[in-house]
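In my numbering, the protein residues as written are 1 to 305. The C-beta atom is built at its ideal place from N, Cα and C for all residues, glycine as well. Quick caveat: nothing in here was measured; it's all calculated off a predicted structure. Taking it in order: structure first as structure tokens, then the write-up.
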């Protein structure tokens, strides 16, 4: 009788063509993964994989067997899903990836509230600084911005209005910009790669749009709190979600000042990504909980054409 863990390991190696990548994705050591594959080949009675250059490829038998493995794994998932629906219990393990932008404040508060409501859930919460890709092992994530094709269903649940912020002392020393054309003269503290692509600002009162070419950032970080700290220490200008700037200003008054208040940066979509098809009850409950918890201000942001 085949072990499902061995079938899953074999299919994952077929998909990635790499023992190292598969071991990392499945949180296994390479030796453990190799043993699972060896046991499976021993049960089947013939080799299923061969090495070609630096890749692992299925043998002819491996290609045939991989199809049946997928069917058996699908049947296992379907059966577990059907049994879950017979029970009102919401239990089990969940792994959620989120960008550091969301890890403090709103997201963490709601994750903690979710765990209090569903006491039998075990949650692994991991940071994600690059968009999930095919074969990345990410199954549920919260991401700022639109996601490329990554094998997951993407759902935009809100938008973050954004502005340009600086410390008042920096503006006193370097001058506050009066028009977007002056932004290129300033130092920047980059978050999420905003300044590596052209920046579009809109003045809805005037009905005008200004596009600023990329400029060099003095500081780059994937952590919002580090970006805000650098801005508050007078390192330069930075693009921040307005809600995050407001929260920091409440805690540390006088450390952030909005530049060009009549101009706004293109809003940042808030995206939930999760697998296609039927989902375990615990995953559905978490998705529903997060959808309901999206702040009204995020829902009401007008789309920018």
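Distance from the CA atom of residue 242 to the CA atom of residue 163, rounded to whole angstroms, is 6 Å. In terms of CA proximity to residue 296, 159 leads the group 26, 159, 183 and 178. One thing to note: residue 269 has its Cβ no nearer than 7 Å to the Cβ of residue 138. In this structure, the beta-carbon distance from residue 105 to residue 170 does not fall below 7 Å. For the segment 131-213, the full-length beta strand (DSSP E) segments reaching 3 residues or more read 141-144, 153-166, 189-191, 199-203 and 208-212 along the chain. With 16 or more other Cβ atoms from the protein chains shown falling within 10 Å of its own Cβ, residue 273 counts as buried. Per DSSP, reduced to three states, the secondary structure at residue 43 is helical. Taking all protein chains shown into account, residue 125 has fewer than 16 neighbouring C-beta atoms within 10 Å of its C-beta and is therefore exposed. Around the C-beta of residue 185, fewer than 16 other C-beta atoms lie within 10 Å, and the residue is accordingly described as exposed. Burial state of residue 232 is buried, judged by a 10 Å Cβ sphere holding 16 or more other Cβ atoms. Assignment of alpha helix (DSSP H) within the segment 27-106, counting only whole runs of 4 or more residues, yields 30-44 and 60-85 in chain order. If you check the CB distance, residue 202 and residue 264 come in under 7 Å.
Straight-line spacing of the CA atoms in residue 271 and residue 44 works out to 43 Å.
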